[in-house]
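Okay, structure first, notes after.
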Amino acid sequence: MRKPKVAFFDFSSCEGCQLQVANFGEALLDILGLIDVVMFREAISEKSDDYDVAIIEGSITTSHDIERIKQIRATAKVLIAYGACATIGGINGMKNNFDLEDIKKYVYKDDAKYFESIPTHPLHQVVKVDYFVHGCPVYQPEFVKVLKCALAGLLYTVPDYAVCTECRFNENVCMYDKGITCMGPVTRAGCNSWCVNNGNICYGCRGMLSNPAQEGQMDILKKHNIALDWVQNKMNMYNKPRELDTEPPANNGHIG
Amino acid sequence: MQRFVILSKKDLDAFISALAQSQKVVAPVARGHNNFSFAEVSSGKEITLKYIPTILPPKKYFLPTQEIITSYNKRENALNAILEYEKMVIFGVHTCDLAGIQCLNMVFADKPKDINYIIRKNKIAIIGLECNDYCDEYASCHVVGNHLPNGGYDLFFTDLGDVFIVHINTMLGDELVNKAAVFKSADAKMLKALESLRQMKHSIFKDEVNVKHQELKPLFDRSSNSKVWEDLNKRCVACGNCTNVCPTCYCFDIIDEPNLDLNTGVRYRRWDSCQNEPFAKVAGNENFRKERSQRQRHRYMRKFKYPVDKYSRYFCTGCGRCSRTCMAQIKLKETINDLAKETQ
Ligand code: SF4
Ligand code: SF4
Ligand code: SF4
Ligand code: SF4
Ligand code: SF4
């Protein structure tokens, strides 16, 4: 059987998620046994526009991006959104808190007129996405799971329960017991509560649950004497482009 | 005849160390911030004897959070059952958690029998530990009748100051005692001391809610449409903590995962929760319990109503874990009192 050709592409992002793949070490060798990598800026330079699986990092922030992602979608049989920028807009989404012209002037100063910019979109707001690998950065074991499902033609359903679930399984001392607030209750699991296992809070990088209890969470955060705009910022840090969703993306935490 | 022996406190370490040489021993250990968890120990020194209920109950040893149950091979069209278990002793189980294990035993022995659970349970020895006083203000073990031992253990330790008086309840318990050779027989004075401790507990432990034991079930029978659930709807964030930490919640989901060869793979089960959004979702994205109020009501009914209809037993052990773990501060005792107030 011919090995499926896999290409990596990046849009607006820090490319940290691609580095996560390069960081794989041994597990990478096993995966490379399954696939043929034809395009990957971080690791090799070979170029090709003939591929089966496109793994996309980064969010859509210009109209040129829209053309490019549509082109990739037309070529690829399977499209995987890879990392928070691609799956939920992520940190790039903070731009949507501001007026586009203001933010352009802020970044490019006098040259602002030469740049074209649109609000930040996660991929699924522009093209159909087959698989989502959430996280900033992605959690490697989940990526392997998704890749296996993609290659085997199986559905991968992103957990639509809270990070707290995995955090309880790992028997971490809850941040709220330490008097620290945490975004775990409204953030979708799948990272094995990676950050809390390592002594950090959950920042919510995997995006919100499909039906997050925003009222309840605001209430909890407020009880910890956090100012309202801080609470709003915490909720929006990774999730701002969510308001541009017209309907929840398929497989992204929903039973299809 | 009831059999009691005595273990001097200074010999606890020798007892645990000896046990740990021949099998895995797990016991409550401190995790900081007044949190505890059952974890493997090799000596008595690692154990915290005075602890409040652990983050996860001992349930995790009977029904692991995640457990492979079958492996498959697509090409050969084969499905093989998998069972992983190990012999172990759980030391220091409070009476509320003993009750929790008894509840799970009833459920998993019921049809269809859960073979993995039953075989695993038969490899686990249980050593109980009495609470001479309340663990904290979240506990409600008295109203559900679990502040005193009610069986479900091989050995049961009660702290009498310098010594433990130990009740031997099974042959396995007898073996553990004989093998360790650090136990002495209990004289009449010790038995008297145990009796007066139990007397004293009568004055310490009182119903923790404004509802009597027999009235709990009728209260829930008439509370389906209570406004209290609406209040919980606003506050609950559906994090699932309350059910994951509950000693008598046993729901699980089944997931298939291919191996890298894409031909073979495994099927595992993982704890699920009625508080999770997808729990009652079916094909077509219909959700039978869309509202968090409905899910909260379900959780409570699953403790105070449904199991009473089916097994004639409350499935709330009074351990207080759900209240302790809830960042929205939804407290079981409060919920019960609010329901009672409303339907008086
Ligand atoms: S530490 Fe955070 S993720 Fe873990 S249980 Fe607490 S709130 Fe949830
Ligand atoms: S714990 Fe939270 S912030 Fe950390 S990886 Fe998981 S979702 Fe992201
Ligand atoms: S622990 Fe509290 S917030 Fe979380 S699901 Fe249970 S009741 Fe709701
Ligand atoms: S409902 Fe709460 S108090 Fe009752 S057994 Fe479960 S966790 Fe313990
Ligand atoms: S709930 Fe009761 S039996 Fe359980 S630990 Fe607390 S005092 Fe002991």
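First to last, the protein sequences are chains Z and P. In terms of this note's numbering, the first sequence is residues 16 to 271. In terms of this note's numbering, the second sequence is residues 114 to 457. Cβ atoms here follow ideal geometry from the backbone N, Cα and C, with glycine treated the same way.
Starting from the beta carbon of residue i, find every residue of chain Z whose beta carbon is closer than 8 Å, and list them in chain order.
i: Val-322 of chain P; result: Under the 8 Å cutoff, chain Z gives no residues; its nearest Cβ is about 24 Å from Val-322 of chain P.
i: Ser-150 of chain P; result: Glu-186
i: Pro-371 of chain P; result: Lys-163, Cys-164, Ala-167, Leu-169
i: Leu-375 of chain P; result: Leu-49, Lys-163, Leu-166, Ala-167
i: Ser-155 of chain P; result: Simply none; closest approach about 19 Å.
i: Ala-306 of chain P; result: Here the premise fails: no neighbours, minimum Cβ distance about 36 Å.
Applying a beta-carbon distance threshold of less than 8 Å, which residues of chain P neighbour residue i?
i: Val-68 of chain Z; result: Neighbours of Val-68 of chain Z on chain P: none; closest Cβ ~14 Å, over 8 Å.
i: Arg-183 of chain Z; result: Ile-168, Leu-169, Gly-353, Asn-354, Asn-357, Val-358, Thr-438
i: Gln-232 of chain Z; result: Val-350
i: Gly-199 of chain Z; result: Cys-352
i: Lys-160 of chain Z; result: Glu-370
i: Asp-45 of chain Z; result: Leu-373
Based on Cα-Cα distance, which residue from the options lies nearest to residue i?
i: Cys-217 of chain Z; options: Z:Glu-230, Z:Lys-143, Z:Ile-241, Z:Met-252; result: Z:Met-252
i: Lys-143 of chain Z; options: Z:Gly-104, Z:Ala-22, Z:Lys-85; result: Z:Lys-85
i: Asn-207 of chain Z; options: Z:Cys-197, Z:Ala-242, Z:Pro-156; result: Z:Pro-156
i: Ile-87 of chain Z; options: Z:Asn-226, Z:Trp-245, Z:Asp-67, Z:Ser-78; result: Z:Asp-67
i: Leu-273 of chain P; options: P:Val-257, P:Met-313, P:Asn-291, P:Asn-235; result: P:Met-313
i: Glu-288 of chain P; options: P:Ala-238, P:Asn-229, P:Val-139, P:Lys-446; result: P:Ala-238
i: Val-153 of chain Z; options: Z:Gly-199, Z:Thr-135, Z:Thr-102; result: Z:Thr-102
i: Asn-323 of chain P; options: P:Gln-179, P:Lys-187, P:Leu-452, P:Ser-121; result: P:Leu-452
i: Ala-306 of chain P; options: P:Ile-278, P:Ser-316, P:Phe-296; result: P:Ile-278
i: Arg-183 of chain Z; options: Z:Asn-226, Z:Asn-107, Z:Gly-168, Z:Pro-200; result: Z:Pro-200
i: Tyr-42 of chain Z; options: P:Ala-140, P:Asn-372, P:Phe-221; result: What sits at residue 42 of chain Z in the sequence shown is Ala, not Tyr. Comparing Cα-Cα distances from Ala-42 of chain Z to each of P:Ala-140, P:Asn-372, P:Phe-221, the minimum goes to P:Asn-372.
i: Trp-299 of chain P; options: P:Cys-209, P:Lys-292, P:Val-276, P:Ala-252; result: First, the amino acid is wrong: residue 299 of chain P is Ala here, not Trp. With distances taken between Cα atoms, Ala-299 of chain P lies closest to P:Val-276.
i: Gln-136 of chain P; options: P:Leu-120, P:Glu-153, P:Cys-355; result: P:Glu-153
i: Ser-386 of chain P; options: P:Asp-374, P:Gly-353, P:Ser-130; result: P:Gly-353
i: Leu-125 of chain P; options: P:Ser-309, P:Phe-270, P:Cys-248; result: P:Phe-270
i: Thr-430 of chain P; options: P:Asp-210, P:Val-139, P:Ala-140, P:Glu-199; result: P:Asp-210
i: Thr-196 of chain Z; options: Z:Glu-82, Z:Glu-258, Z:Asn-240, Z:His-149; result: Z:Asn-240
i: Glu-250 of chain P; options: P:Ala-441, P:Glu-455, P:Cys-435; result: P:Cys-435
i: Cys-439 of chain P; options: Z:Val-148, Z:Thr-172, Z:Cys-189; result: Z:Cys-189
i: Cys-29 of chain Z; options: Z:Ala-127, Z:Gly-150, Z:Ile-235, Z:Ile-133; result: Z:Gly-150
i: Ser-121 of chain P; options: P:Cys-248, P:Lys-297, P:Ile-160; result: P:Lys-297
i: Gln-35 of chain Z; options: Z:Tyr-121, Z:Val-148, Z:Thr-180, Z:Ala-91; result: Z:Val-148
i: Ile-235 of chain Z; options: P:Ala-301, P:Ile-443, P:Asp-334, P:Cys-364; result: P:Ile-443
i: Ala-140 of chain P; options: P:His-146, P:Leu-162, P:Asn-148; result: P:Leu-162
i: Pro-134 of chain Z; options: Z:Tyr-121, Z:Tyr-123, Z:Gly-104; result: Z:Gly-104
Please list, in chain order, the chain P residues whose beta carbon lies closer than 7 Å to that of residue i.
i: Asn-226 of chain Z; result: Glu-390
i: Cys-179 of chain Z; result: Cys-352, Gly-353, Asn-354
Report, in whole angstroms, the separation of the C-beta atoms of residue i and residue j, which I expect to be a contact under 8 Å.
i: Ala-133 of chain P; j: Ser-155 of chain P; result: 5 Å
i: Gly-157 of chain P; j: Phe-175 of chain P; result: Actually they do not touch by this definition, with Cβ atoms about 24 Å apart.
i: Trp-342 of chain P; j: Gln-388 of chain P; result: Going by Cβ atoms, the distance from Trp-342 of chain P to Gln-388 of chain P rounds to 13 Å, so no, they are not a contact pair.
i: Ala-351 of chain P; j: Ala-89 of chain Z; result: Not really, about 39 Å apart at Cβ, beyond 8 Å.
i: Pro-360 of chain P; j: Gly-213 of chain P; result: 3 Å
i: Lys-416 of chain P; j: Tyr-427 of chain P; result: 7 Å
i: Val-379 of chain P; j: Ile-228 of chain P; result: No, Val-379 of chain P and Ile-228 of chain P are not in contact; Cβ-Cβ is about 17 Å, not under 8 Å.
i: Ile-71 of chain Z; j: Leu-94 of chain Z; result: 7 Å
i: Asp-64 of chain Z; j: Val-21 of chain Z; result: Actually they are not in contact, since the Cβ atoms of Asp-64 of chain Z and Val-21 of chain Z sit about 13 Å apart, beyond 8 Å.
i: Lys-255 of chain Z; j: Met-109 of chain Z; result: 6 Å
i: His-139 of chain Z; j: Ala-177 of chain Z; result: With a Cβ gap of about 22 Å, His-139 of chain Z and Ala-177 of chain Z do not count as contacting.
Can you pull the chain Z residues whose beta carbon is under 7 Å from the beta carbon of residue i, in chain order?
i: Arg-405 of chain P; result: Ala-228
i: His-146 of chain P; result: Val-188, Asp-192, Lys-193
i: Thr-178 of chain P; result: Phe-184
i: Ala-252 of chain P; result: Under the 7 Å cutoff, chain Z gives no residues; its nearest Cβ is about 17 Å from Ala-252 of chain P.
i: Ala-140 of chain P; result: Correct list: empty, because the minimum Cβ distance to chain Z is about 14 Å.
i: Ala-299 of chain P; result: Ordered by position in chain Z, no residue passes the 7 Å Cβ test against Ala-299 of chain P, which lies about 36 Å from the chain.
i: Ala-131 of chain P; result: Near Ala-131 of chain P there are no residues of chain Z at all, since even the closest Cβ is about 27 Å away, more than 7 Å.
What residues from chain P crowd round residue i, counting only those whose CB sits closer than 9 Å?
i: Gln-33 of chain Z; result: Chain P residues near Gln-33 of chain Z: none, gap ~21 Å exceeds 9 Å.
i: Tyr-176 of chain Z; result: Ala-351, Cys-352, Gly-353, Asp-385, Ser-386, Gln-388, Asn-389, Glu-390, Pro-391, Phe-392
Which bits of chain Z does residue i rub up against, with CB to CB less than 9 Å?
i: Arg-410 of chain P; result: The contacting residues do not exist; Arg-410 of chain P stays about 16 Å from chain Z at best.
i: Lys-347 of chain P; result: Ala-228, Glu-230, Gly-231, Asp-234
i: Ala-191 of chain P; result: Those do not exist, as Ala-191 of chain P stays about 17 Å from chain Z at its closest Cβ, beyond 9 Å.
Is residue i near ligand 6, going by C-beta to nearest heavy atom under 8 Å?
i: Gly-31 of chain Z; result: Within the structure as shown, ligand 6 is missing, the only ligands being ligand 1, ligand 2, ligand 3, ligand 4 and ligand 5.
Check each residue's C-beta against every heavy atom of ligand 5 and list, in chain order, those closer than 6 Å.
That query returns the following residues: P:Pro-166, P:His-207, P:Thr-208, P:Cys-209, P:Cys-244, P:Tyr-247, P:Cys-248, P:Ala-252, P:Cys-254, P:Asn-259, P:His-260, P:Gly-431, P:Cys-432, P:Gly-433.
Take every Cβ of the stretch 197-209 of chain P, pair it with every Cβ of the stretch 240-253 of chain P, and state whether three or more of those distances are shorter than 8 Å.
yes
Can you confirm whether the stretch 114-125 of chain P touches the stretch 282-299 of chain P when touching is taken to mean that 3 or more C-beta pairs between the two stretches lie within less than 8 Å?
yes
Using only Cβ atoms and a threshold of 7 Å, which residues come within that distance of a heavy atom of ligand 1? Order them by chain position.
The chain-ordered list of residues whose CB is nearer than 7 Å to some heavy atom of ligand 1 reads Z:Ala-177, Z:Val-178, Z:Cys-179, Z:Cys-182, Z:Arg-183, Z:Asn-187, Z:Cys-189, Z:Met-190, Z:Tyr-191, Z:Cys-197, Z:Gly-199, Z:Pro-200, Z:Ser-208, Z:Val-211, Z:Ile-216, Z:Cys-217, P:Cys-352, P:Asn-354, P:Met-440.
Would you call the stretch 399-406 of chain P and the stretch 185-195 of chain P in contact, with 3 or more CB pairs under 8 Å?
no
Would you say the stretch 18-28 of chain Z touches the stretch 98-112 of chain Z, given that touching needs at least three Cβ pairs under 8 Å?
yes
Could you say if the stretch 161-171 of chain P and the stretch 190-198 of chain P meet the contact criterion of at least three C-beta pairs nearer than 8 Å?
no
Could you tell me whether the stretch 104-123 of chain Z touches the stretch 157-170 of chain Z, where touching means 3 or more Cβ pairs closer than 8 Å?
no
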